[in-house]
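Undergrad: Below you'll find the structure I mean.
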Amino acid sequence: MNAEIELKLFFHLEQQQALIELLDSLPDSEQKACHKLSNAYFDTPDLQLRRWDMGLRVRGCNGKREQTIKTAGTVIGGIHSRPEYNIDIDKDEPELNLFPKNIWPNAANIAAVQSRLACLFDTDFERRTWHIYVDESLVEVALDIGKVSVSREGETKSEPICELEFELMAGKTRALIDLGLKVAETIPVRLGKASKAQRGYRLAAQSSPLSLEVLEFIALEPGQDLKQTLTSLLSTGLERWQQLEAMILETDAYSLKQEPMLCYRLRACVRLLRCTLGQFNLLSESLVAKFDAIEAHLGFVETGLSLAEILSQNCQLIARQPQKAKLAEQALSSLQQLSISSLMRKMLADTAYGSLQLSLVDLLLAIQAGESRVNLNINAKTGLKTFADQLQESSWQKILALMPSEADLSSREYQSFARALDDSIFVGVAYGELYTKQSRDMFRAPWQDLVLGIRTLAAYRQLAQIGDSLDIDISDWLQNKEESLVFALEHSRRSALSNQPYWR
């Protein structure tokens with residue numbers, strides 16, 4: 003049995019030669035053989051192995067065959083650790099009874115599983131490998147180019163494979179991150195969450211399209227220390243970022259109108275991570291620059307959300323407008339012209355993107371290992387609840403300064419405060435689980451309503467631009483709608499400001 007510890011990165015095919023040249027040029031780098039690998043993945047029709055969190059394949063290379071089963075493992079940030087069992091065989095189909103008996107669940111009928119095995123999909127790729135020494139650690143780097151494919155009823159579907167895997171052969175896990183960062187700083191890459199097997203199952207329509215529930219609160223326990231808390235916050239943010247990224251890139255699975263909200267949620271994850279690092283005094287100049295670069299790429303989010311808001315729920319926002327059809331048509335056209343998928347590809351092509359992901363994984367592993375280079379600069383006697391109370395209070399005072407109850411706010415002022423409200427809500431998302439549900443939710447509800455109202459104000463602003471472009475005069479109607487909404491927001495805000503904070 004081997005326990006793989008590896009880091010996986012995805013890249014675009016046009017970066018292949020640049021990656022080869024970079025890996026060849028690294029100190030203590032030795033290029034090994036290049037092989038063509040064919041892999042057939044097996045499971046039962048009801049996906050019994052997948053339900054046991056196992057993956058079974060037969061790999062062919064240079065006329066030899068090997069069957070492999072991978073059992074349940076862990077993923078922390080982008081580091082994969084998963085036990086695997088490899089056995090040489092002389093035929094194309096696997097034999098489950100060759101694997102150790104103790105890997106199977108209790109009372110598992112392995113003979114019955116064996117009789118129902120079938121090949122679900124294939125992965126075929128060319129693998130170039132390097133052995134690279136990093137300090138006293140040895141890393142095997144594999145560059146895989148090929149495809150994952152499914153053949154069914156005479157039809158074949160496929161997706162490209164462009165992956166870079168760093169596997170720890172000997173030494174410390176940090177060597178994987180050090181090498182990954184060297185690559186990410188010069189070549190656009192991103193953390194790879196989905197394995198080849200996971201991609202194959204999805205392509206074979208043997209798993210549901212990716213989905214992710216909206217994050218209300220991060221699971222924290224009052225007894226956690228601050229190191230455990232920081233680890234939970236960073237790992238949750240990174241995992242959700244990768245998941246949302248994958249959902250956005252599954253363009254066929256989501257409609258044009260869903261893309262803005264997915265991008266908004268991805269940006270929220272990035273902002274939550276930035277906010278968390280700031281709370282623990284871990285935002286270096288280098289990290290700030292990378293966060294700023296990603297934030298700039300996501301500058302389209304507000305426009306996209308506004309256009310999606312106009313088109314949502316059968317265009318309820320403009321339902322009573324005589325020119326509803328023309329306004330909706332132009333909003334849809336503007337959303338198409340925004341070309342969110344192109345903007346996302348441009349962001350992924352920025353080295354700041356993958357470099358930030360890897361820097362966060364590096365930081366996460368260093369925190370878990372208790373390395374001295376990570377100084378949290380927090381009083382060791384400060385308990386989690388006290389720490390959370392202080393953050394909540396600081397965030398609250400900023401909101402009071404921006405939105406004093408005696409001041410009357412305009413539509414433009416509300417929209418300018420959107421980022422500050424976001425940041426304040428992120429504090430609640432991070433630490434809200436530590437408080438009593440009723441008082442917490444009652445306090446947060448009007449502020450969440452304000453965020454939705456501000457989003458509608460932005461949609462009205464977008465409608466004004468659409469009306470002008472079509473030479474349709476809706477200015478009076480928009481002014482009335484905007485004034486009514488601002489009046490309602492003012493009432494909600496003053497009511498919210500009078501509520502007793504739940505952390506006091």
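Numbering (this note's numbering), first residue to last: 3 to 506. Quick reminder that beta carbons are idealized off the backbone N, C-alpha and C, glycines included.
Using only alpha-carbon positions, find the residue among Ala-248, Leu-284 and Lys-38 that is nearest to Thr-233.
TA: Closest option to Thr-233, Cα to Cα, is Leu-284.
Undergrad: Helix, strand or coil for Arg-192? Go by DSSP, reduced to three states.
TA: Residue state, collapsed to three classes: strand.
Undergrad: Applying the 10 Å Cβ sphere with the 16-neighbour rule, what's the burial state of His-37?
TA: Under this definition His-37 is an exposed residue.
Undergrad: Could you name the residues of the same chain whose beta carbon sits closer than 6 Å to that of Thr-76, not counting the 5 residues immediately before and after it, in chain order?
TA: Result list for Thr-76: Ser-83, in chain order.
Undergrad: Mapping the DSSP letters down to three states, classify Val-115 as helix, strand or coil.
TA: Looking at Val-115 - three-state DSSP - the assignment turns out to be helix.
Undergrad: Is the beta carbon of Thr-70 closer than 7 Å to that of Asn-88?
TA: Contact flag set, yes.
Undergrad: Using a Cβ-Cβ cut-off of 7 Å, state whether Val-115 counts as contacting chain C.
TA: This model lacks chain C altogether; it includes just one protein chain.
Undergrad: Return the chain-ordered ranges of every alpha helix (DSSP H) run that is complete within the stretch 370 to 427 and spans a minimum of 4 residues.
TA: Whole alpha helix (DSSP H) segments, 4+ residues: 386 to 404 and 413 to 418.
Undergrad: Specify whether the stretch 400 to 409 and the stretch 495 to 503 touch according to this definition: at least 3 beta carbon pairs, one from each stretch, less than 8 Å apart.
TA: As far as the Cβ criterion goes, the stretch 400 to 409 touches the stretch 495 to 503, which means the pair count is three or higher.
Undergrad: May I ask you to report which of helix, strand or coil DSSP gives Glu-331?
TA: Residue state, collapsed to three classes: helix.
Undergrad: By alpha-carbon positions, which one of Arg-154, Glu-142 and Gly-434 ends up nearest to Phe-445?
TA: Taking only the C-alpha atoms, the option nearest Phe-445 is Gly-434.
Undergrad: Taking Leu-122 and Phe-44 to be in contact with their CB atoms under 8 Å, please state how far apart those CB atoms are, rounded to whole angstroms.
TA: The pair is a contact, with the Cβ atoms about 7 Å apart (cut-off 8 Å).
Undergrad: In the DSSP output, what is Leu-166 paired with across the bridge?
TA: Beta-bridge pairing links Leu-166 to Leu-11 and Leu-145.
Undergrad: Distance, Cα to Cα, Thr-278 vs Gln-392?
TA: So the two alpha carbons sit approximately 14 Å from each other.
Undergrad: Just to confirm before moving on: does the CB-CB distance between Val-60 and Pro-96 stay below 7 Å?
TA: The answer is yes: Cβ separation under 7 Å.
Undergrad: What are the boundary residues of the beta strand (DSSP E) that includes Gly-544?
TA: Because the chain here runs from 3 to 506, residue 544 falls outside it and cannot be looked at.
Undergrad: Is the Cβ-Cβ distance between Ala-7 and Thr-131 less than 7 Å?
TA: One detail in the question is off: residue 7 reads as Ile in this sequence, not Ala. Against a cut-off of 7 Å, the Cβ pair of Thr-131 and Ile-7 comes out as no contact.
Undergrad: Count the other C-beta atoms from every protein chain shown that fall within 10 angstroms of the C-beta of Phe-12, then say buried if there are 16 or more, exposed otherwise.
TA: Label assigned to Phe-12: buried.
Undergrad: By how many angstroms is the C-alpha of Gln-464 removed from the C-alpha of Leu-472?
TA: In a straight line, the C-alpha of Leu-472 is about 13 Å away from that of Gln-464.
Undergrad: Where in the stretch 228 to 267 do unbroken runs of the alpha helix (DSSP H), each at least 4 residues long, occur, reported from the N-terminal end onward?
TA: 228 to 251, all fully within the stretch 228 to 267.
Undergrad: Taking buried to mean at least 16 other C-beta atoms within 10 Å of its own C-beta, is Val-272 buried or exposed?
TA: Buried, by the Cβ-count rule.
Undergrad: Grab the span of the alpha helix (DSSP H) containing Asn-510 for me, first residue to last.
TA: The chain is shown from 3 up to 506; residue 510 falls before or after that span and cannot be answered.
Undergrad: Would you mind reading off the limits of the beta strand (DSSP E) that contains Thr-458?
TA: Element bounds for Thr-458: not the beta strand (DSSP E) but the alpha helix (DSSP H), 439 to 472.
Undergrad: I'd like to know if the stretch 187 to 203 and the stretch 219 to 227 are in contact, where contact means that at least 3 CB-CB pairs between them fall below 8 Å.
TA: As far as the Cβ criterion goes, the stretch 187 to 203 does not touch the stretch 219 to 227, which means the pair count is below three.
Undergrad: May I ask you to verify whether the stretch 139 to 153 touches the stretch 103 to 119, counting CB pairs closer than 8 Å and requiring at least 3?
TA: No: fewer than three Cβ pairs fall under 8 Å.
Undergrad: In three-state terms, what does DSSP make of Ala-291?
TA: Reduced to three states, the DSSP call for Ala-291 is helix.
Undergrad: Return the CA-CA distance between Ile-163 and Leu-345, expressed in angstroms with no decimal places.
TA: The alpha-carbon atoms of Ile-163 and Leu-345 are separated by roughly 22 Å.
Undergrad: DSSP three-state call for Asn-316: helix, strand or coil?
TA: Three-state DSSP puts Asn-316 in a helix.
Undergrad: What does DSSP give as the partner residues of Ala-172 in its beta bridges?
TA: Note: Ala-172 sits in a beta bridge opposite Leu-140.
Undergrad: Count the C-beta pairs between the stretch 437 to 456 and the stretch 303 to 310 that are closer than 8 Å, then say yes if the count reaches three, no if not.
TA: In short, these stretches do not touch, since the Cβ pair count stays below three.
Undergrad: For the putative contact between Glu-167 and Ala-144, defined by C-beta atoms under 8 Å, what is the C-beta separation to the nearest angstrom?
TA: Correct: roughly 5 Å between the Cβ atoms.
Undergrad: With a threshold of 8 Å on Cβ separation, who are the neighbours of Pro-503 within its own chain once the five nearest residues in sequence on each side are excluded?
TA: Excluding sequence neighbours, Pro-503 sits near Gln-394, Glu-395, Trp-398 and Phe-445.
Undergrad: Residues bridged to Ser-83 by DSSP?
TA: Answer is Ile-7 and Thr-76.
Undergrad: Between the Cα of Thr-238 and the Cα atoms of Ser-257, Ile-250, Met-249 and Glu-218, which residue gives the shortest distance?
TA: Closest by alpha carbon: Glu-218.
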